[in-house]
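J.:
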Amino acid sequence: MRDAFSNAIPLAIVITSMLYFAYLSTFYSNPINSLVLISIGSMLFSITLIGRAAYYRDYASKKPHSVFYAVVYTLFFVPVYVGYMILKKR
Numbered sequence: 154m155r156d157a158f159s160n161a162i163p164l165a166i167v168i169t170s171m172l173y174f175a176y177l178s179t180f181y182s183n184p185i186n187s188l189v190l191i192s193i194g195s196m197l198f199s200i201t202l203i204g205r206a207a208y209y210r211d212y213a214s215k216k217p218h219s220v221f222y223a224v225v226y227t228l229f230f231v232p233v234y235v236g237y238m239i240l241k242k243r
């Protein structure tokens, strides 16, 4: 059961990030604002998809599945990793 949740919850986060901003873009009559929201949704979709892939590469391949780490990797992997790489170069 834990394996099913650790697979389903990150996927729901990935899909919801894009659908939420696409839904918000329907409320704007200005096409520029709509495109900005869709662009933000696309960027979040990519970030969360990379985080989900990192979870399967780094955590799930070595340890049993964990719902907590699946969510943490999905949401925070890219911002933390990019921040680490920027600070490492200094």
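Residue numbers (the numbering used here): 154 to 243.
We put the CB at the ideal spot given by N, CA and C, even for glycine.
1. Taking the CB atoms as reference points, tell me whether residue 174 and residue 191 lie closer together than 8 Å.
2. Could you give the first and the last residue of the continuous alpha helix (DSSP H) run that contains residue 217?
3. Taking residue 160 as the reference, which of 220, 225, 233 and 201 has the closest Cα?
4. With a Cβ-Cβ cutoff of 8 Å, do residue 171 and residue 197 count as a contact?
5. Got a sec, what are the start and stop residues for the alpha helix (DSSP H) residue 179 sits in?
6. Could you tell me the alpha carbon to alpha carbon distance between residue 167 and residue 215, rounded to whole angstroms?
T.: Here's the rundown:
1. yes
2. Careful: residue 217 lies outside any alpha helix (DSSP H) and carries neither H nor E.
3. 220
4. yes
5. Note, residue 179: premise wrong, no alpha helix (DSSP H); not H, not E.
6. 23 Å
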